[in-house]
Structure formats: structure tokens, C-alpha cells
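First residue of the sequence shown: 1, per full-length UniProt numbering; consecutive thereafter.
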Amino acid sequence: MGMPEGKRKYSYADYLSWDEDLSCEVINGEMISMSPSPTPRHQDVVDELTAEFKMFLRGKECMAFSAPIDVCLFATNDTKYDEIKDWVQPDLIVVCDGNKIGEKYITGAPDLVIEVLSPSTTRNDRLIKYKSYEKAGVKDYWIVDPYHMSIEVYKLDGTAYKQAGVFVKDDRLEVGLFEGFYIDLRNVFKG
Numbered sequence: 001m002g003m004p005e006g007k008r009k010y011s012y013a014d015y016l017s018w019d020e021d022l023s024c025e026v027i028n029g030e031m032i033s034m035s036p037s038p039t040p041r042h043q044d045v046v047d048e049l050t051a052e053f054k055m056f057l058r059g060k061e062c063m064a065f066s067a068p069i070d071v072c073l074f075a076t077n078d079t080k081y082d083e084i085k086d087w088v089q090p091d092l093i094v095v096c097d098g099n100k101i102g103e104k105y106i107t108g109a110p111d112l113v114i115e116v117l118s119p120s121t122t123r124n125d126r127l128i129k130y131k132s133y134e135k136a137g138v139k140d141y142w143i144v145d146p147y148h149m150s151i152e153v154y155k156l157d158g159t160a161y162k163q164a165g166v167f168v169k170d171d172r173l174e175v176g177l178f179e180g181f182y183i184d185l186r187n188v189f190k191g
């Protein structure tokens with residue numbers, strides 16, 4: 001099968017039958033996006049954040065992955081492909097449980113998810129995916145605005161996110177999940 005047809009509920013098994021170069025995200029069986037290629041500014045911010053995390057996490061238990069990588073939020077290692085109804089491709093994730101790193105995808109909630117806003121993804125990142133990450137138990141969720149050069153940090157408090165702060169270009173952001181890890185946002189936001 002080349003492309004998804006019509007409007008219906010999809011499973012990860014359906015997704016695996018589509019063209020390999022098709023990239024999409026599905027929540028509750030419904031496709032929420034087939035995003036166009038990111039802008040250079042978007043990609044530069046993703047690359048800079050990825051470099052910061054990769055450098056800090058080198059030799060440690062946790063691992064950082066940048067898009068495209070499938071994250072099956074509510075799956076377990078035993079979930080069959082046709083039972084998986086939710087998968088996303090965040091811009092950057094950090095996973096500290098090696099058992100969640102599978103052959104084809106990440107199983108369950110990453111410890112940290114970072115989404116870099118684009119005009120075509122803002123609604124999904126701020127509403128639909130925010131709620132899905134919260135429900136799945138993602139500990140920290142960052143929403144990065146490359147145009148306003150800001151990062152909103154949300155921390156899971158029980159079952160709901162609470163905003164921990166908004167950081168801008170001249171700030172030094174402390175990554176709460178890791179002691180002693182700070183990111184100078186002047187290295188992330190240029191111009």
C-alpha cells in the first residue's frame with residue numbers, strides 16, 4: 001500500500017505497510033499530521049538542542065534521539081502492531097529506560113519530549129500532543145518557539161503538567177531531570 005486511504009482509524013501495522021518515506025503521527029487511531037519538511041531555523045534549533053543533550057548524556061544511561069523516530073506512547077514491549085493506535089515523532093526525546101528502546105520504535109513515555117514549533121504544527125504541539133504526553137506520563141515537556149526564541153518547560157505533577165518556567169535567548173536553562181546540566185540558550189537561538 002502506498003498512502004493511507006480515506007478517513008478511518010489507523011494502527012501501527014497499517015503504518016508499517018505504507019511507503020517507507022511517509023512520515024506521520026497518529027493519536028487514538030486518527031492521523032494528526034503529515035508534516036512538510038522543517039524550516040532551516042526549526043532544524044537548526046533541533047540540531048543545537050540535540051548536540052547539547054548528546055554531549056551531556058555521552059557515557060550515561062539515558063539516550064537522546066532526534067526526529068524522525070517513532071514513539072508509541074501507550075504501547076508496551078508486548079503490544080502487537082495492530083493494537084498500537086498512538087505514535088508520534090517528536091523533534092527530540094530523552095529515554096532513560098533502555099527497555100523502552102525497541103527495534104522499530106520507542107515503547108511508552110520518554111522521560112523528556114521536546115517539540116520545536118512550526119506554523120503547521122503549533123496547534124498539535126500545544127494541544128493534542130500536550131494532552132497525549134501528559135496522559136502517557138512524559139515527565140518533562142518542552143515547547144520551543146524558534147521565532148520568539150523561547151522555551152516553555154512543563155513538568156508532570158501527578159497526572160497534570162505545571163509550567164516550570166519560560167526561558168529566552170539570554171537565559172541559562174537548568175535541565176531538571178539531570179543534576180548539573182545547564183544549556184546556554186544563546187547557543188540554541190542565534191540571530
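Ideal Cβ placement from N, Cα and C applies to all residues, glycine included. The structure displayed is predicted, hence computed values, not measured ones.
As the crow flies, the alpha-carbon of Q43 is around 9 angstroms from that of D91. Residues of the same chain with a CB within less than 8 angstroms of the CB of V166, apart from the 5 flanking positions on each side, are S150, I151, E152, V153 in chain order. Short of 8 angstroms from the beta carbon of E52, and not among the five residues preceding or following it, lie these beta carbons of its own chain, in chain order: I183, N187, V188.
With a threshold of 16 other beta carbon atoms within 10 Å, V26 meets it and is buried.
Counting only unbroken stretches of 3 or more residues, the beta strand (DSSP E) elements lying wholly within the region 135-179 are 140-145, 150-157, 160-168, 172-174, in sequence order. With a threshold of 16 other beta carbon atoms within 10 Å, A64 meets it and is buried. Taking L57 as the centre and dropping the five residues before and after it, the same chain places the C-beta of A64 closer than 6 angstroms to its C-beta, in chain order. In the structure shown, D184 adopts extended strand secondary structure according to DSSP, grouped into three states.
For S132, the secondary structure class from DSSP, reduced to helix, strand or coil, is helix. Scanning its chain for C-beta atoms nearer than 6 angstroms, with the 5 sequence neighbours on each side dropped, one finds around D86 the residues I27, L73, F74, in chain order. Nearest C-alpha to P110 among T121, G98, P119: G98.
When the five nearest sequence neighbours on each side are left out, the beta carbons in the same chain lying within less than 7 angstroms of the beta carbon of I84 are those of S11, Y12, C72, A75, in order along the chain. In the structure shown, the three-state DSSP call for T107 is strand. For K162, the closest C-alpha among the options G29, K131, N124, Y105 is that of K131.
Its chain contains S23, Q89 as the residues whose beta carbon lies nearer than 7 angstroms to that of P68, once the 5 sequence neighbours on both sides are disregarded; these appear in chain order.
Residue burial is scored here from C-beta neighbours: A160 has fewer than 16 other C-beta atoms within 10 angstroms and is therefore classed as exposed.
One alpha carbon belongs to E174, the other to R8, and they sit about 42 angstroms apart.
In the DSSP assignment, V71 forms a beta bridge with V88, I106.
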